[in-house]
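Participant: My questions all concern the structure below.
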Amino acid sequence: MRRLESGLVVILFLAAACGGTDDACLDRPAAPASEAWVSAVLREGDRLQIQTADGRHISSPIDPARIVSTLPGITETLIMLAATDRLVGISPYDDERPELSGIERVSFMPIAWEKLKTLEPDLILVDATLLGAEIEKLRQRFGDVLALRSRSLVDLRTSVELLGQLVGTE
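In this note's numbering, the protein residues as written are 3 to 172.
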């Protein structure tokens, strides 16, 4: 378990250090390291009710069967949480790995709306900083979209713990 935690921290830190783009980290300040972006998580039936530190309420399905991951860092986290079998869509930038063969690759810049619709996702996982303006459009069309944060190690830890709760691998 210790090895898994160490691997997660290293991979997520490297994957998220610049928000997934080559030049994105030079023009934005780092998030405060002392605050988690989630202040409370409650289980209500088959959903998690998430309250963010800024007062927003997000509802997400527990144990989603059909997940779309929009970033390689999110995909790697799901692999480490033993949830690869739930992935029906991944980013075109994800590595070519045996455990990802046969999973549909979907563009999110721009969003391939029709291709995404054919995947019939239960949950779409995005990074809040990369798809900020598109998140509401995704929610309007698909319902359950969870915007994770990865701008600090505290954000990463919170996101990994939240994903673990969603897929049942805490």
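Glycine residues also receive a C-beta, built at the ideal position from the N, C-alpha and C atoms. None of these values were measured; they are calculated from a predicted model.
Could you give the uninterrupted runs of the beta strand (DSSP E) lying entirely in the region 114-159, keeping only those of 3 residues or more?
Facilitator: Qualifying beta strand (DSSP E) stretches, in chain order: 125-129, 147-150.
Participant: When the Cα atoms are used, what is the spatial distance from ARG173 to THR77?
Facilitator: Past the boundaries of the shown model lies residue 173; the chain is included only from 3 to 172, so the question cannot be answered.
Participant: In the structure shown, what three-state DSSP assignment does ARG45 receive?
Facilitator: Correct three-state label for ARG45: strand.
Participant: For THR171 and PRO112, what's the separation of their Cα atoms in angstroms?
Facilitator: One C-alpha to the other measures close to 32 Å.
Participant: Is DSSP giving ARG88 helix, strand or coil here?
Facilitator: ARG88: helix per DSSP, three-state reduction.
Participant: In angstroms with no decimal places, state the Cα-to-Cα distance between LEU165 and HIS59.
Facilitator: Their Cα atoms are separated by approximately 17 Å.
Participant: With DSSP run on the structure shown, which of helix, strand or coil describes ILE76?
Facilitator: Helix, per DSSP.
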